[in-house]
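Undergrad: Encoded as structure tokens, here's the structure I'll be asking about.
So, in structure tokens, the structure goes:
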């Protein structure tokens, strides 16, 4: 069984032509239809995401291999396969934003995907002024920096943010896992302008840490927050991750 990601409160797994979604909190299982036998979603290749909560009428499950994207519209009994023109490079990360799907490949090229009226994929030209360690957070010496992608200019450009204002970010090391943005975290005892990291630790009392944007970070704090390479040494293993309960989606909270 291969872990492909976590999306809208569901863990996503595949094994050969079988796919399985598991609700993290309730254990409820959802079995999509069988995948094509030649899907190549195996070890170190696959990554998946839901485009909307599973209960939404237009929710789709997207699974990416090095060669294709497989699309399942929830409630139907078939998959649509869309070839990817990225030189069989591994998809590094997927982000769903409004009506667009953003994917980053192993060369850190950013692509946008549109599902309607028909599948299309194009590379976004970006003006790079730094070498990113990952797609939205950059380590620079002993400081953390956050950038937003400005699409109002061409080519698009990463613009540094000095503060997160009343927002907090939740980040998991594994790029198959989603990140979250929370507004006014003080409502539940959190802190604004902070980045909450799921740590590399086997200690149940040290599974996460918080870093304030713009403040120095001690080396002993940074070490358990990053892999030594751009991807986990064993993608078959699960790391600590943040999960937003599926029961919250669609509730308006």
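Residue numbers (UniProt numbering): 1 to 253. Just so it is clear, CB atoms sit at the ideal spot from N, CA and C, and this is done for glycine as well. Model, not experiment: these values are computed from the prediction.
If you compare alpha carbons, which of 46, 77, 67, 66 is closest to residue 60?
TA: Counting from one through the chain shown, the residue named residue 60 turns up at place 60. Per the Cα distances, 77.
Undergrad: Leaving aside the five residues before and after residue 80 along the sequence, list all residues of the same chain whose C-beta is less than 6 Å from its C-beta, in chain order.
TA: Walking along the chain shown from the start, residue 80 turns up at place 80. Around residue 80: 71.
Undergrad: Could you pull the start and end residues of the beta strand (DSSP E) that residue 24 belongs to?
TA: Looking up residue 24 in the chain shown gives position 24. Taken as a continuous stretch (DSSP letters only), residue 24 belongs to no beta strand (DSSP E), as it is neither H nor E.
Undergrad: So, residue 115 versus residue 47, is the Cβ gap smaller than 8 Å?
TA: One-based indexing of the chain shown puts residue 115 at position 115. One-based indexing of the chain shown puts residue 47 at position 47. No, the Cβ-Cβ distance between residue 115 and residue 47 is not below 8 Å.
Undergrad: Just list the beta strand (DSSP E) runs in the stretch 41–120, keeping only unbroken ones of 3 residues or longer that don't cross its boundaries, in chain order.
TA: Runs of the beta strand (DSSP E) inside the stretch 41–120: 47–50, 60–64, 68–73, 80–83, 91–97, 100–105, 110–114.
Undergrad: Between which residues of its own chain and residue 163 is the CB-CB distance below 8 Å, once the five residues before and five after are set aside?
TA: Here residue 163 is taken as the residue at index 163 of the chain shown, counted from 1. Cβ neighbours of residue 163 beyond the five flanking positions: 193, 213, 214.
Undergrad: Please report the straight-line C-alpha distance between residue 39 and residue 62, rounded to a whole angstrom.
TA: The residue labelled residue 39 in the question sits at position 39 within the chain shown. The residue labelled residue 62 in the question sits at position 62 within the chain shown. Distance between the alpha carbons of residue 39 and residue 62: 12 Å.
Undergrad: Are the beta-carbon atoms belonging to residue 112 and residue 119 less than 8 Å from one another?
TA: Numbered from its first residue, the chain shown carries residue 112 at position 112. Numbered from its first residue, the chain shown carries residue 119 at position 119. Contact: no.
Undergrad: Using the Cβ count rule (16 or more neighbours within 10 Å means buried), how would you classify residue 170?
TA: What you label residue 170 is simply residue 170 of the chain shown in a count that begins at 1. With 16 or more Cβ atoms within 10 Å of its Cβ, residue 170 is classed as buried.
Undergrad: So the candidates are 52, 182, 242; which of them puts its Cα closest to the Cα of residue 98?
TA: Indexing the chain shown from 1 puts residue 98 at position 98. When each option's Cα is compared against that of residue 98, the closest is 52.
Undergrad: If I measure Cβ to Cβ from residue 239 and keep anything under 6 Å in the same chain, skipping five residues before and after, which residues do I get?
TA: Position 239 of the chain shown holds residue 239. Excluding residues within five positions, the ones whose Cβ falls inside 6 Å are 173, 174.
Undergrad: Based on Cα-Cα distance, which residue from 75, 82, 106 lies nearest to residue 89?
TA: As a first step, residue 89 is located in the chain shown; it is residue number 89 there, counting from the start. Ranking 75, 82, 106 by Cα distance to residue 89 puts 106 first.
Undergrad: My understanding is that residue 10 touches residue 34, with C-beta atoms under 8 Å, so please give their C-beta distance in whole angstroms.
TA: Here residue 10 refers to the residue found at position 10 of the chain shown. Here residue 34 refers to the residue found at position 34 of the chain shown. Actually they are not in contact, since the Cβ atoms of residue 10 and residue 34 sit about 19 Å apart, beyond 8 Å.
Undergrad: In whole angstroms, what is the alpha-carbon distance linking residue 22 and residue 31?
TA: Taking the first residue of the chain shown as position 1, residue 22 is located at position 22. Taking the first residue of the chain shown as position 1, residue 31 is located at position 31. Rounded to the nearest angstrom, the two C-alpha atoms are 9 Å apart.
Undergrad: Under a Cβ-count criterion, where at least 16 other Cβ atoms within 10 Å of its own Cβ denotes burial, should residue 74 be classed as buried or exposed?
TA: Counting from 1 along the chain shown, the entry for residue 74 is found at position 74. Buried is the call here.
Undergrad: Look up residue 154 in the DSSP assignment and say whether it is helix, strand or coil.
TA: By 1-based counting over the chain shown, the position of residue 154 is 154. If DSSP states are grouped into helix, strand and coil, residue 154 belongs with coil.
Undergrad: Distance, Cα to Cα, residue 42 vs residue 29?
TA: Here residue 42 refers to the residue found at position 42 when the chain shown is read from its first residue. Here residue 29 refers to the residue found at position 29 when the chain shown is read from its first residue. Looking at the two C-alpha atoms, the distance is approximately 21 Å.
Undergrad: Kindly indicate which three-state DSSP category residue 242 falls into: helix, strand or coil?
TA: Against the chain shown, residue 242 aligns to sequence position 242. Here residue 242 sits in coil by DSSP.
Undergrad: Whole angstroms is fine: what's the gap from residue 37's alpha carbon to residue 207's?
TA: Counting from 1 along the chain shown, the entry for residue 37 is found at position 37. Counting from 1 along the chain shown, the entry for residue 207 is found at position 207. Roughly 38 Å between the two C-alpha positions.
Undergrad: Going by DSSP in three states, residue 186 sits in which element: helix, strand or coil?
TA: Residue numbering aside, residue 186 sits at position 186 when the chain shown is read from its first letter. If DSSP states are grouped into helix, strand and coil, residue 186 belongs with the helices.
Undergrad: Roughly how many angstroms lie between the CA atoms of residue 252 and residue 84, to the nearest whole one?
TA: Indexing the chain shown from 1 puts residue 252 at position 252. Indexing the chain shown from 1 puts residue 84 at position 84. At residue 252 the pLDDT is 37, less than 50, meaning the model places this residue with poor confidence and gives no usable figure here.
Undergrad: Counting C-beta neighbours from all protein chains within 10 Å, is the total for residue 135 16 or more, i.e. buried, or is it exposed?
TA: For the purposes of this step, residue 135 is taken as the residue at position 135 of the chain shown. Summary for residue 135: the model assigns pLDDT 48, below 50, so the residue's position carries little reliability, and this model does not support an answer.
Undergrad: Compare the C-alpha of residue 7 against each of 242, 183, 50 and name the closest.
TA: Along the chain shown, read from residue 1 onward, the residue named residue 7 stands at position 7. Closest by alpha carbon: 50.
Undergrad: What is the rounded straight-line gap between the Cα of residue 184 and the Cα of residue 165?
TA: Counted from its first residue, the chain shown places residue 184 at position 184. Counted from its first residue, the chain shown places residue 165 at position 165. Each residue's alpha carbon lies about 9 Å from the other.
Undergrad: Closest to residue 180 by C-alpha separation, out of 56, 86, 16, 95, would be which residue?
TA: The residue given as residue 180 occupies position 180 in the chain shown. Comparing Cα positions, the closest option is 95.
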